[in-house]
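**Q** So the sequence shown is numbered by the working numbering: it starts at 51 and just counts up by one. Beta carbons: idealized from backbone N, C-alpha and C, even for Gly.
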Amino acid sequence: MLPNGIGQIRFQDTCAEANEFFQERKSVCVGDQARIILLEVSTEVPPSKVKGDRSKSVLFEGCRLAKSLQCLEIEKKWELVSHVWVEMLCYAANKCRWNHHAQQLTLGGELITHVWLLLAHFGITEQFQISKGHARAKLIVH
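Given below as structure tokens:
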């Protein structure tokens, strides 16, 4: 439901790089095997230094992030991940056009559409803003 642009390009480049990465290793990796192989990737040199700005893939940035998350305690790790997911979900809901959300509602809606409706209800979407002087609700996610 998101608009085309750099996100679509990054997604396509990341899929292509992941396919190439696993084909080079001539192994069909599923689940834990793939995770272990990706965690073994050397991330000391940033991908931008290796490939420059040619690739828009985020595969190896993801490997770097996964390695840094491995150092955290389990509670802190899940707290951080949950905060990031909520932020990403709210961002994505706001970036999708209102008519796409309306179309999804005729089919029952997707999670992102229901989040968009909740944000609209609280007046914190880009499409619907509460004008000055009116009461605003504050959304606190725990």
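(1) Any idea if I65 is buried or exposed, counting beta-carbon neighbours within 10 angstroms, 16 or more meaning buried?
(2) For the segment 86-93 against the segment 131-138, are there 3 or more C-beta pairs whose distance is under 8 Å?
(3) Just to confirm my understanding: we take L109, look at its own chain, exclude 5 residues before and 5 after, and list those with CB closer than 6 Å. What are they?
(4) Check for me: the alpha helix (DSSP H) holding C146 runs from which residue to which?
(5) Less than 8 Å between the C-beta atoms of R60 and S98, yes or no?
(6) Under 7 Å Cβ to Cβ from V91, same chain only, skipping five residues before and after it: list those, please.
(7) Is the CB-CB distance between L169 and C140 below 8 Å?
(8) Have a look at L157 and R147 and give me their C-alpha separation to the nearest angstrom.
(9) Within 10 angstroms of the Cβ of A143, are there 16 or more other Cβ atoms? Answer buried if so, exposed if not.
(10) Kindly provide the ranges of any alpha helix (DSSP H) runs that are 4 or more residues long and lie completely inside the segment 107-168, ordered along the chain.
(11) Mind checking I124: buried by the 16 CB within 10 Å criterion, or exposed?
(12) How about K127 and L115: are their beta carbons less than 8 Å apart?
**A** Put simply:
(1) The sequence given here places Cys at residue 65; Ile does not occur at that position. Flag for C65 reads exposed.
(2) no
(3) T64, E67 and A68
(4) Segment: none, C146 is in no alpha helix (DSSP H) and carries neither H nor E.
(5) By the CB criterion at 8 Å, R60 and S98 fall outside the cutoff.
(6) F110 and C113
(7) yes
(8) 16 Å
(9) buried
(10) 109-120, 124-145 and 148-155
(11) exposed
(12) no
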